[in-house]
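Residue numbers (the numbering used here): 399 to 500. Heads up, the beta-carbon is just placed ideally off N, CA and C, and yes, glycines get one too. What you are looking at is a predicted structure, and each value in this text was computed from that prediction instead of being measured. One structure is given here, and the rest of the page talks about it.
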Amino acid sequence: MRERSPFNRCVECEETITQPICGECLAVRMKNMVGEYDTKLAKDIAGLNVEGETKCIFCGEGMGLCAHCFSKDIYEYLAEKNIKIAKEFLSRFDFDLRRVFI
Ligand SMILES: [Zn+2]
Ligand SMILES: [Zn+2]
């Protein structure tokens, strides 16, 4: 059997997943937001889903990576490419990211 994240915890930060939105569903929303500014950059955002016990509120898939960790990865990528878009991203997808970056 494959390893799964136990007790609804995130595989990366090990915090309990409190905002159950999976990496695939988040990526769709992030692509839309970034696409308003830069369609080329939006294409680079890829969904990522890790299996887990928590069910995504949008698609119902099991997920094991929390919204905070997923958006942190995307933010870091955006910050390298375009800091203006990265800042806008933070204001829209603030899953406790400001605690880390500001
Ligand atoms: Zn996490
Ligand atoms: Zn989902």
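**Delimiting residues of the alpha helix (DSSP H) encompassing Val426** = 421–433
**Asked** In the structure shown, what three-state DSSP assignment does Thr414 receive?
**Response** Three-state result, Thr414: strand.
**Request:** Could you tell me if Ile481 is buried or exposed, where buried requires 16 or more neighbouring beta carbons within 10 angstroms of its beta carbon?
**Result:** exposed
**Request:** Write down the C-beta distance between Met431 and Ile472 rounded to the nearest angstrom, noting that I regard them as a contact closer than 8 Å.
**Result:** Not confirmed; about 10 Å, so no contact.
**Item:** Contacting residues, own chain, Cβ-Cβ under 8 Å from Ile483 (five flanking each side not counted)
**Value:** Val432, Tyr435, Asp436, Leu439, Leu476
**Request:** Assuming Val448 contacts Gly458 (C-beta within less than 8 Å), just tell me the rounded distance between them.
**Result:** Going by Cβ atoms, the distance from Val448 to Gly458 rounds to 15 Å, so no, they are not a contact pair.
**Message:** Between Leu501 and His466, how many whole angstroms is the CB-CB distance? I'm expecting something under 8 Å.
**Reply:** Absent from the model: residue 501. The displayed extent of the chain is 399 to 500, so no value can be given.
**Asked** Would Ile415 be called buried (16 or more neighbouring beta carbons within 10 Å of its own) or exposed?
**Response** Per the 10 Å Cβ criterion, buried.
**Prompt:** Which residues in the same chain as Cys411 place their Cβ atom closer than 6 Å to its Cβ, once the five residues preceding and following it in sequence are excluded?
**Reply:** Once the five neighbours on either side are set aside, the close Cβ partners of Cys411 are Cys467.
**Request:** Ignore the nearest five residues each way along the sequence and tell me which others in Met399's own chain have a CB closer than 6 Å to its CB.
**Result:** Note that Met399 scores 43 on pLDDT, short of 50, meaning its location in the model is unreliable and no value can be drawn from it.
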